[in-house]
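Quick mapping for you: the protein sequence lines, in order, are chains Z and W. Counting in the working numbering, the first sequence tops out at residue 139, every number present. Counting in the working numbering, the second sequence tops out at residue 99, every number present. By construction, the Cβ of each residue, glycine as well, lies at the ideal position given by its N, Cα and C atoms. Here the structure is a predicted model, which means the values were calculated and not measured.
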Amino acid sequence: DTGVSQDPRHKITKRGQNVTFRCDPISEHNRLYWYRQTLGQGPEFLTYFQNEAQLEKSRLLSDRFSAERPKGSFSTLEIQRTEQGDSAMYLCASSLRTDSPLHFGNGTRLTVT
Amino acid sequence: GQQLNQSPQSMFIQEGEDVSMNCTSSSIFNTWLWYKQDPGEGPVLLIALYKAGELTSNGRLTAQFGITRKDSFLNISASIPSDVGIYFCAGGREKLTFGTGTRLTIIP
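Listed below in structure tokens is the structure:
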């Protein structure tokens, strides 16, 4: 399967803990995106990369969130000092170039207890 | 954050019926996309539209990019059980703005 891959699929953590998610984009896609989706809503943009450069961050991405794409391939999204409001599905997507449509992975569902 | 207005919110139809849903925005978009999402899965791209007035088909699905660039429509013909799910419109390019979703249910 050559789609966008995300790991883990599910994560349960206690409030205050740090968590890290990984995303492997479709091979040769140089753009990678992170979105967050809460129950009953559509996904909301968090940030995106072109190769290793982070080009834009949403206001939703507080100081506790950091995303990296060190070698322009896979990406990680870290949330520090998790809060219950961070519970959501975190979706990664990739695209081949600027005008190409986004292809999403199956997400990481985070539950903060 | 901003979400596009999708209607209807939910639909209950019988197998074989045609389905229509639409999406409106207060802002202009240069790209409109339609995705389908099943429970516990990520959104799957159905159709991408790049030009105002464009009408594009993908099997039984047909989508249109509104002339004003502030709306888009999706039609599904002769619905089948696997069409069940939530349909999202999205406008934009890298920074997609998604709709609120239309939940499609097929009544046996």
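- In the structure shown, D112 (chain Z) adopts helical secondary structure according to DSSP, grouped into three states.
- In the three-state reduction of the DSSP assignment, D74 (chain W) falls in the helix class.
- Classified as exposed, L46 (chain W) has fewer than 16 neighbouring CB atoms from the shown chains inside 10 Å of its CB.
- Within the same chain, and ignoring the five residues on either side of L87 (chain W) in sequence, the residues whose Cβ sits closer than 6 Å to its Cβ are A81.
- Chain order gives no chain W residues near Q110 (chain Z), where near means a beta carbon separation below 9 Å; the closest approach is about 19 Å.
- According to the DSSP secondary-structure assignment, K27 (chain W) is paired through a beta bridge with W:V35, W:Y78.
- Only residues of its own chain outside the window of five on either side were considered, and among them T96, I98 have a CB closer than 6 Å to the CB of F3 (chain W), listed in chain order.
- Leaving aside the five residues that flank P51 (chain Z) on each side, the residues in its chain whose CB is nearer than 6 Å to its CB run, in chain order, V30, L58, S120.
- Counting C-beta pairs closer than 8 Å gives three or more between the segment 56 to 74 of chain W and the segment 16 to 25 of chain W, which meets the contact rule.
- DSSP places F71 (chain Z) inside the beta strand (DSSP E), whose first and last residues are 70 to 76.
- Taking C-alpha positions only, P(-1) (chain W) is separated from D74 (chain W) by approximately 16 Å.
- Interface flag for G131 (chain Z) against chain W is set, since a Cβ pair is found closer than 8 Å.
- By the Cβ-count criterion, N132 (chain Z) is buried, with 16 or more other Cβ atoms from all chains shown falling within 10 Å of its own Cβ.
- Residue state for Y61 (chain Z) is assigned as strand, using DSSP reduced to three classes.
- Contact check for F100 (chain Z) against R48 (chain Z) passes: the beta carbons are separated by less than 8 Å.
- Residues of chain Z with a Cβ closer than 9 Å to the Cβ of K86 (chain W) are, in chain order, Y59, F71, Y74, E82, S84.
- Here the alpha carbon of Q(-7) (chain W) sits roughly 20 Å from the alpha carbon of L81 (chain Z).
- Residue-level contact by beta carbon fails for T28 (chain Z) and chain W, as no gap is shorter than 8 Å.
- Between P34 (chain W) and chain Z, the shortest Cβ-Cβ separation is below 8 Å.
- For F64 (chain W), no chain Z residue has a Cβ inside 7 Å of its Cβ, as the nearest lies near 17 Å away.
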